[in-house]
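Report on one structure; see the data block that follows.
Protein chains: 2
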Amino acid sequence: MKKEKISNNVIRRLPRYLRKLDELKTAGINRISSTELGQQLGFTPSQIRQDFNCFGEFGQQGYGYNVPLLREQIASILGMDRGYTAVLIGVGHIGRALVDNFCFQEWGFNLLQAFDVDPGLVGKDVSGVHISPMEALPDFLKNNKVDIVVLAVPRDAALPTAEMLIDNGVNAIWNFTNVELVEPDSKVIVENVHFSDSLLALSYFVSDRYDSQK
Amino acid sequence: MKKEKISNNVIRRLPRYLRKLDELKTAGINRISSTELGQQLGFTPSQIRQDFNCFGEFGQQGYGYNVPLLREQIASILGMDRGYTAVLIGVGHIGRALVDNFCFQEWGFNLLQAFDVDPGLVGKDVSGVHISPMEALPDFLKNNKVDIVVLAVPRDAALPTAEMLIDNGVNAIWNFTNVELVEPDSKVIVENVHFSDSLLALSYFVSDRYDSQK
Chain D
1236 MKKEKISNNV IRRLPRYLRK LDELKTAGIN RISSTELGQQ LGFTPSQIRQ
1286 DFNCFGEFGQ QGYGYNVPLL REQIASILGM DRGYTAVLIG VGHIGRALVD
1336 NFCFQEWGFN LLQAFDVDPG LVGKDVSGVH ISPMEALPDF LKNNKVDIVV
1386 LAVPRDAALP TAEMLIDNGV NAIWNFTNVE LVEPDSKVIV ENVHFSDSLL
1436 ALSYFVSDRY DSQK
Chain W
1236 MKKEKISNNV IRRLPRYLRK LDELKTAGIN RISSTELGQQ LGFTPSQIRQ
1286 DFNCFGEFGQ QGYGYNVPLL REQIASILGM DRGYTAVLIG VGHIGRALVD
1336 NFCFQEWGFN LLQAFDVDPG LVGKDVSGVH ISPMEALPDF LKNNKVDIVV
1386 LAVPRDAALP TAEMLIDNGV NAIWNFTNVE LVEPDSKVIV ENVHFSDSLL
1436 ALSYFVSDRY DSQK
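Here the protein sequences line up with chains D and W, keeping their order.
Here the first sequence is numbered in our numbering, starting from 1236 and rising by one per residue.
Here the second sequence is numbered in our numbering, starting from 1236 and rising by one per residue.
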């Protein structure tokens, strides 16, 4: 597959395409034009064609896109077919919500184990995921291929835990702590889930709406 | 203040600027150049100047940016000084994590009340937020100015709840349900927190890293 340097914006749109294609597949739709796909997503057809062109040719002139095929190709670009593994650190409310309600498997990830410092949690299984003590983590990382670490510890523990992870060779962190873990030039890949960024964007859109109604 | 049509990308970067400026303020730094700010955020200085130019002139040639002033201006653009109010629907793990750990106040929001269908939760207070029964919601919305609704109900309840909210005049939803609530052309403002989008972006970056190491 042709692979060019892909802009961050395109990468961020791919999961949205994937969700829409899953929806179409479920609805039994096998073929869609870029115009129709654009309408359903609120994108222009030319934006869609441009996005997909980054990865090679997905569509056929006059035919449109083959929904299941396009879905598989996007899934593959996103690495969903690579059998990635994850461990979760911190089984508080957020960690628990992820274990109970977030289907890692659906996105190609196998959640191997969870770790926590709370003796009341250690040794238990939640939604089929075993909770081990934090002390067991370095050995676990040594003995298992762990592609990403899901970090859901309290704010205060965020930086020391991230340091410990990096010392133990972790190179990708899915960060729910609302703390900036690394400098921008760090070799560790950190994907932040900043709830506040999302709320503030909403706050902006609401303000813009109110202002336009004045 | 000059106000132009601002691109979605700029809007999405503003909360990051805000976080960085808060950090600088806390560290006692009152002035910063676009070069330095760019280095700390991983942006180019010209991108930073361009972003801020969308809203008018924030910096002074040869002086840089006044950190507390710039912080206040960005906060104001984001609507943080407008006294917005929110209610939470669904006090499961995610809802509970938001009530307990997410500081709405810090971002200019007042979380007025929570609503749930579970009789075991109704009537209780969690982290100072009262949980009312879902039946009480329509009256609450009628009698109070509610700017946004935080939707953290289970997947199956997402669409019917969103419909009910819209019927009751709600026009902004912060959506944690992982369900697409409205068509792209809907008048309701929906800000989605899609964990899967974030995980898949991380999955892409990890794949890209692995491929480059081959």
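Just so you know, even glycine gets a beta-carbon here, dropped at the ideal spot from N, CA and C.
Partners in chain W for residue i, counting only beta-carbon separations shorter than 9 Å
i         : result
D/GLU1398 : Result: empty, since nearest Cβ-Cβ is about 18 Å, beyond 9 Å.
Proximal chain D residues relative to residue i, where beta-carbon distance stays under 7 Å
i         : result
W/ARG1266 : Neighbours of W/ARG1266 on chain D: none; closest Cβ ~21 Å, over 7 Å.
W/ARG1284 : By Cβ distance, chain D contributes nothing, its closest Cβ being about 18 Å from W/ARG1284, past 7 Å.
W/ASP1360 : Neighbours of W/ASP1360 on chain D: none; closest Cβ ~16 Å, over 7 Å.
Beta-carbon spacing of residue i, residue j below 8 Å
i         : j         : result
D/ILE1309 : D/LEU1256 : yes
D/LEU1416 : D/VAL1381 : no
W/VAL1425 : W/ASN1403 : no
D/PHE1339 : D/ALA1321 : yes
D/MET1315 : W/SER1438 : yes
D/ARG1266 : D/GLY1299 : yes
D/LEU1386 : D/GLY1325 : yes
W/VAL1334 : W/VAL1364 : yes
D/ALA1397 : D/ILE1408 : yes
D/CYS1289 : D/ILE1241 : yes
W/SER1447 : D/VAL1428 : no
D/VAL1352 : D/ARG1331 : no
W/VAL1405 : W/LEU1435 : no
D/ARG1248 : D/ASP1286 : yes
C-beta neighbour in chain D for residue i, strict 8 Å
i         : result
W/MET1315 : yes
W/ALA1332 : yes
W/GLY1343 : yes
W/GLY1355 : no
W/LEU1276 : yes
W/ARG1366 : For clarity, residue 1366 of chain W is Ile in the given sequence; the question names Arg instead. Answer no: the Cβ-Cβ gap between W/ILE1366 and chain D never drops below 8 Å.
Backbone CA spacing between residue i and residue j [nearest angstrom]
i         : j         : result
W/VAL1414 : D/PRO1303 : 21 Å
W/ASN1244 : W/GLY1355 : 43 Å
W/GLN1275 : D/LYS1422 : 15 Å
W/ILE1383 : D/GLY1318 : 39 Å
W/GLU1258 : W/PRO1395 : 41 Å
W/SER1431 : W/PRO1250 : 21 Å
D/GLY1358 : W/PRO1280 : 50 Å
W/ASP1420 : D/GLY1277 : 7 Å
W/GLU1418 : D/ARG1284 : 21 Å
D/GLU1307 : D/LEU1253 : 9 Å
D/ASN1336 : D/ARG1390 : 22 Å
D/GLU1341 : D/ASP1443 : 36 Å
W/LEU1372 : D/LYS1449 : 27 Å
D/MET1399 : W/SER1268 : 33 Å
D/ILE1366 : D/ASN1345 : 15 Å
D/GLN1282 : D/LEU1305 : 16 Å
D/GLY1343 : W/ASN1379 : 44 Å
D/VAL1441 : W/LEU1323 : 17 Å
W/LYS1260 : W/ILE1401 : 40 Å
Contact list for residue i against chain W, beta-carbon separation under 8 Å
i         : result
D/ARG1306 : Result: empty, since nearest Cβ-Cβ is about 13 Å, beyond 8 Å.
D/PRO1373 : Result: empty, since nearest Cβ-Cβ is about 21 Å, beyond 8 Å.
D/ASP1335 : HIS1328
D/TYR1319 : SER1438, VAL1441
D/LEU1253 : LEU1435
Short CB-CB distance (under 8 Å) between residue i and chain W
i         : result
D/HIS1328 : yes
D/TYR1298 : no
D/ALA1262 : no
D/PRO1419 : yes
D/ILE1401 : no
D/ILE1383 : yes
D/ILE1324 : no
D/PRO1250 : yes
D/ALA1407 : yes
One or two residues paired with residue i in a DSSP bridge
i         : result
D/ASN1301 : D/ARG1266
D/VAL1425 : D/ILE1408
D/ALA1321 : D/LEU1346, D/ILE1383
W/ILE1366 : W/ALA1349
W/ASP1360 : W/HIS1365
Under 8 Å by beta carbon: chain D residues contacting residue i
i         : result
W/ASN1244 : ASN1244
W/ALA1393 : Those do not exist, as W/ALA1393 stays about 12 Å from chain D at its closest Cβ, beyond 8 Å.
What are the residues in the stretch 1427-1440 of chain D lying within 9 Å of chain B by C-beta distance? The structure shown contains no chain B; its protein chains are D and W.
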